[in-house]
Structure formats: structure tokens, C-alpha cells
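Everything in the sequence shown is counted per the numbering used here, starting at 24 for the first residue and increasing by one. Some notes on the structure that comes next.
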Amino acid sequence: MDNGQRGIQSVEVGGQLLVALVESGKPMMLREVAALAEMAPAKAHPYLVSFMRLGLVEQDRASGRYELGPLALQMGLACMRRLSPVRIGTDAIVELAPEIGQTVALALWGNHGPTIIRIEEASAAVHVNMRAGSVMSLLGTATGRVFAAFLPAKLIETFLEAGQREATVGNEAARHMSREQIEAALVEVRQKGMARAVGRPIPGVNAFSVPVFDQSGSVALAITAIGPEGTFDADWESPIATKLLECAAKVSERLGSPSNRSHQAA
């Protein structure tokens, strides 16, 4: 993003080669790297030589292919060590709530299941029995279904057997779901990339919940928007749904989530 500060154009030009290597994810010949960076091979080569001297790039002597070097790996690991999903997610929902005019909650997988860790109220707060520390039903709430859809199937099955009779928010609505209904609900979440609750488990209240993925491609958080049905458009293509998906995608990107992949439950 251009913030008005003066930069060095040659660094930015050469940086496109590093971007190309990152996005490719595989060793490439000079002409391939240059093509992805949209520059001539003769122009790209000196940059790659300099990057090799720094350790940002390395070249296989046998094949001549270029890939990211040890310094690039060290930089990536250093970045990941300082990242906090909760901090980044919290910053995101603080901005999102006033933008969409709805209450937004952040949840993670806790010892007892999907657990709310932060709630950012909208200007017109919705009255629901939910607060930081609330454990949400795995199947009876949009937040829970996000985790059920994207966590490993064995973990979910074990949890369902052991915990669905506990007093969690929205659990009553889930107790009478058949196996077919459960599977259909989770398939819908994976296909849409988000879960939806319309008037349930709380009558008159709608919700969308979207997963956030970390660098390993695992679901790390759920971001949930909640609001009264009178002001909360629950259409899959609504502005609320779109903004929520965009927010989760940005947080996932910050956490190093692999791009252009289909997140499926293992």
C-alpha cells in the first residue's frame, strides 16, 4: 500500500521475483520466474544473483532452477513466531463491527468446544445469551458448525459423542439432528465457506460465521456476525456475508494460510 513514503524502485522491482517464487511454491527456471514477475530474463538474472548472495534465493546446480533460500525461510519463521491469531482477529472484528453495523464475535476451539473469546458490539446491540467464555453448540450454532465442518472428522466425532449433552449455547436445537441432517449441514458450510443461522437457536436473531485458517491450513478461529432479523440480511450474497468473508480472508492471509486451496475436514 502506498502511504506516501519514498521508496527504492529497484528493490520493489526485484521484490516481484520473490513474490513469484512464493506464489509458485516450486523451483523454477530463470525464464519461468521472469515471466511470472513480468520482466525479461536478462533483467531478472542480476536481481536473482544478488538475492542468492543474501540467502533469499538459492539455485540448484544440477537443474539450474531457482527457489527461496535459507534467509527467506528464517524470515518466514520469525514472522510466524510473532503472529498472534487472537490479536490479529480481535483487531479485525473491531474494524468490522461498525462497518457492517452488527455485533461481531471471535471464537476459538477450547477444551469444551467452540468458545467465544471476544465480542465487539454494534451501535444497536443484539440481546443474546452470549459473552466471552460462552461455549457454543457444535451443531446448533453457526459458530459451532464452522469448527465442525473444518476440524478433523475424528476430533469432531469424539467430541459429539462426549459433549453434545452439555449445557452449551444452542445445544438444544442440535440434539434431535439426524446423521443425514448433520452431514448436509456440514457440506453446506464447506461449499459456501461459511455457516448461517436464521432465527435459530434464538428466534428473531440471524448469524453468519466464517473460518479463519492458519499457516498449516487448519481452522484457527471463527468470526461470527450476529444481529436482529430486521436489520440482518441473511442472504448468502448479502453485504454482511461478503464483508465477513473478506475479513476472514484477510486474517487468514496475515496468518500465512495457503492461498488458492480448498479447506476440507480431514
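Note that beta-carbon positions come from the ideal geometry of N, C-alpha and C, so glycine has one too. Please read all numbers here as calculations on a predicted model, not as lab measurements.
Self-check item: Residue environment, I31, which counts as buried when at least 16 other CB atoms sit within 10 Å
Solution: Flag for I31 reads exposed.
Quiz item: Between which two residues does the alpha helix (DSSP H) harbouring G167 extend?
Solution: For G167, the enclosing alpha helix (DSSP H) covers residues A165 to F173.
Self-check item: Cβ pair V56, L44 closer than 8 angstroms
Solution: In this structure, L44 lies closer than 8 angstroms to V56 by Cβ.
Quiz item: What's the gap between the Cα of L244 and the Cα of G112?
Solution: Whole-angstrom Cα-Cα distance: 8 angstroms.
Practice problem: Have a look at the DSSP bridge pairing and note the partners of L91. | Solution: Assignment of beta-bridge partners to L91 by DSSP yields V80.
Exercise. Grab me the residues of A128's own chain with a C-beta within less than 6 angstroms of its C-beta, minus the 5 sequence neighbours each way, in chain order.
Key: Excluding residues within five positions, the ones whose Cβ falls inside 6 angstroms are I139, I142 and T247.
Exercise. With R223 as the anchor, note down where its alpha helix (DSSP H) starts and where it stops.
Key: No alpha helix (DSSP H) contains R223, which DSSP labels as neither H nor E.
Quiz item: Are the CB atoms of Y89 and M51 nearer to each other than 8 angstroms?
Solution: Yes.
Quiz item: Opposite L131 in the DSSP bridges: which residues?
Solution: Paired residues: T138.
Self-check item: Paired residues, beta bridge with P234 - DSSP
Solution: P234 pairs with A245.
Practice problem: Answer with buried or exposed for G227, where buried requires no fewer than 16 other C-beta atoms within 10 angstroms of its C-beta. | Solution: Note on G227: under 16 other CB atoms within 10 angstroms of its CB, so exposed under the neighbour-count rule.
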